[in-house]
Amino acid sequence: MSNLEDNDSEDIDISGDEADEVDGYTSSDETEGESEYEESGEDTNDETEPEPEPDFEMPWTQNGIPRPAFPFTSNSGVQVPAKSNPLDIFEIFFDESLINLIVEETNRFAIQYIIKNGENIRQSTPMERNEYQRN
Numbered sequence: 001m002s003n004l005e006d007n008d009s010e011d012i013d014i015s016g017d018e019a020d021e022v023d024g025y026t027s028s029d030e031t032e033g034e035s036e037y038e039e040s041g042e043d044t045n046d047e048t049e050p051e052p053e054p055d056f057e058m059p060w061t062q063n064g065i066p067r068p069a070f071p072f073t074s075n076s077g078v079q080v081p082a083k084s085n086p087l088d089i090f091e092i093f094f095d096e097s098l099i100n101l102i103v104e105e106t107n108r109f110a111i112q113y114i115i116k117n118g119e120n121i122r123q124s125t126p127m128e129r130n131e132y133q134r135n
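Just so we're aligned, residue 1 is where the sequence shown starts under UniProt numbering, counting upward by one.
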């Protein structure tokens, strides 16, 4: 086998017997090694039936099999009205449920912080939804 560091542009042909054996490793070594693990596994259940083999075998090719392009049959994505401003688009993503979650988690964090630090931070009051949505 040639040294790739000597000449990086050198083409190497590994067809035939050389393809089957690379660095002293052959495909038969793999089969033998795998069978050792299958037979010696502690979790092996003798009553388990082997999975059925597929009914067909697809040949391997370099480029694969061309797949047909599927036509789009509907408009995908977020449907934004033609006359919309940045706030309208923001509100599509930050809907009422997300705002409620932010308010709830903010209040939960404030309570945890006060308990942990033993402080009464400016007589803290829970955040309300309308405080988050100030216009």
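Just so it is clear, CB atoms sit at the ideal spot from N, CA and C, and this is done for glycine as well. Quantities reported herein were computed from a predicted structural model and do not represent experimental measurements.
Beta-carbon proximity of residue i to residue j, cut-off 8 Å
i    : j    : result
N107 : R129 : no
A110 : S97  : no
Proximity to residue i [Cα-Cα], best of the options
i    : options                 : result
E105 : F93, I89, P126 and G118 : P126
Q79  : E91, P59, P68 and P71   : E91
G77  : F70, R67, F93 and K83   : F93
I102 : L87, K116, I89 and E131 : E131
Chain D within 8 Å of residue i, Cβ atoms only
i   : result
M58 : Note that chain D does not occur in the displayed structure, where there is just one protein chain.
Outcome for residue i when other beta-carbon atoms lying within 10 angstroms are tallied against a minimum of 16
i    : result
K116 : exposed
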